[in-house]
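A short write-up of the structure that comes next.
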Amino acid sequence: TRDSSIALTPRWSPDRKLITFVSYRDGAPSLHSFVLASGRRWPMVVLPGTTMSPAWSPSGSQLAFSSSQTGGPALYLSDADGKHQRRLTFAIGADLSPSWSPNGGQMVFNSDRGGSPQVYLMNADGSDQRRLTFEGTYNTTPAFSPKGGWIAYTCLIETQYQICLISPDGGRRVQLT
42 TRDSSIALTP
52 RWSPDRKLIT
62 FVSYRDGAPS
72 LHSFVLASGR
82 RWPMVVLPGT
92 TMSPAWSPSG
102 SQLAFSSSQT
112 GGPALYLSDA
122 DGKHQRRLTF
132 AIGADLSPSW
142 SPNGGQMVFN
152 SDRGGSPQVY
162 LMNADGSDQR
172 RLTFEGTYNT
182 TPAFSPKGGW
192 IAYTCLIETQ
202 YQICLISPDG
212 GRRVQLT
């Protein structure tokens with residue numbers, strides 16, 4: 042980016058034409074986008090507080106992200122241009138790392154609303170939020186499998202970080218590493 046600042050968590054748009062990422066270029070973390078073909082770059086979502094964890098919807102029409110603009114980090118949804126933002130989560134605690142299901146109907150995320158970071162699932166409109174993981178004291182960075190049958194996440198087992206899988210209904214859990 043040649044910003045001489047921190048740049049984190051790049052995410053490709055579904056059409057692979059741009060990358061959205063977190064930049065500290067202007068001080069507080071905000072979302073910026075970069076068009077690969079032209080090199081054009083712009084601040085996409087700039088809000089008070091910390092804005093992070095961009096996640097494109099499979100259709101490319103929406104962007105989910107986490108923002109602390111009103112206190113603890115909550116999940117938000119915007120149009121593809123970063124406008125028309127609306128809050129999806131209202132729990133006490135930090136809601137982070139949204140990841141879309143392949144069909145765009147649901148999002149998985151992590152939250153410490155229950156006391157420790159755990160994996161949660163909700164509909165893409167923010168409704169029907171429910172906890173999926175109950176084993177382990179630290180479960181983060183969830184991501185749907187390409188066909189949607191599994192959710193991979195980082196799990197702390199004893200003193201080692203591992204990769205685990207859980208089914209979207211929470212019924213099956215597998216430790217991979």
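Residue numbers for the sequence shown follow our numbering, beginning at 42 and rising by one.
C-beta atoms are modelled at their ideal positions from N, C-alpha and C, and glycine is treated no differently.
The model shown is predicted, which means the values in this text are computed figures rather than measured ones.
Q: Could you work out which residue in R66, H73, L206, S107 is closest to S35 when comparing CA atoms only?
A: What the structure shows of the chain is the stretch from 42 to 218, and residue 35 is not part of that stretch, so it cannot be assessed.
Q. Between which two residues does the beta strand (DSSP E) harbouring S140 extend?
A. Segment 136 to 141, the beta strand (DSSP E) holding S140.
**Q.** Cβ pair count under 8 Å reaching 3, the region 180 to 189 against the region 110 to 123
**A.** As far as the Cβ criterion goes, the region 180 to 189 does not touch the region 110 to 123, which means the pair count is below three.
(Q) List, from N- to C-terminal side, the beta strand (DSSP E) runs of 3 residues or more that fit wholly inside the region 130 to 209. (A) Listed in chain order, they are 136 to 141, 147 to 152, 159 to 164, 180 to 185, 192 to 198, 201 to 207.
Q. In its own chain, which residues sit with a C-beta less than 7 Å from the C-beta of G167, not counting the 5 before and 5 after it?
A. Within its own chain, the residues whose Cβ lies closer than 7 Å to the Cβ of G167, once the five positions on either side in sequence are excluded, are L129, T130, listed in chain order.
Q) For the beta strand (DSSP E) that P95 lies in, which residues bound it at each end? A) Residues 92 to 97.
Q) Whose C-beta lies closer than 6 Å to the C-beta of M93 among residues of the same chain, with five residues either side of it excluded? A) Answer for M93: V63, P70, S107, listed in chain order.
**Q.** Residue environment, R57, which counts as buried when at least 16 other CB atoms sit within 10 Å
**A.** Exposed, because fewer than 16 other Cβ atoms sit within 10 Å of the Cβ of R57.
Q) For the candidate residues P209, C196, W53, S208, whose alpha-carbon lies nearest to that of S100? A) That would be W53, whose Cα lies nearest to the Cα of S100.
Q: Give the straight-line distance between the Cα atoms of S142 and V149, rounded to the nearest whole angstrom.
A: Spanning the two alpha carbons is a distance of roughly 8 Å.
**Q.** C-alpha distance - S208 paired with V160, whole-angstrom precision
**A.** Using only the alpha carbons, I get a separation of about 11 Å.
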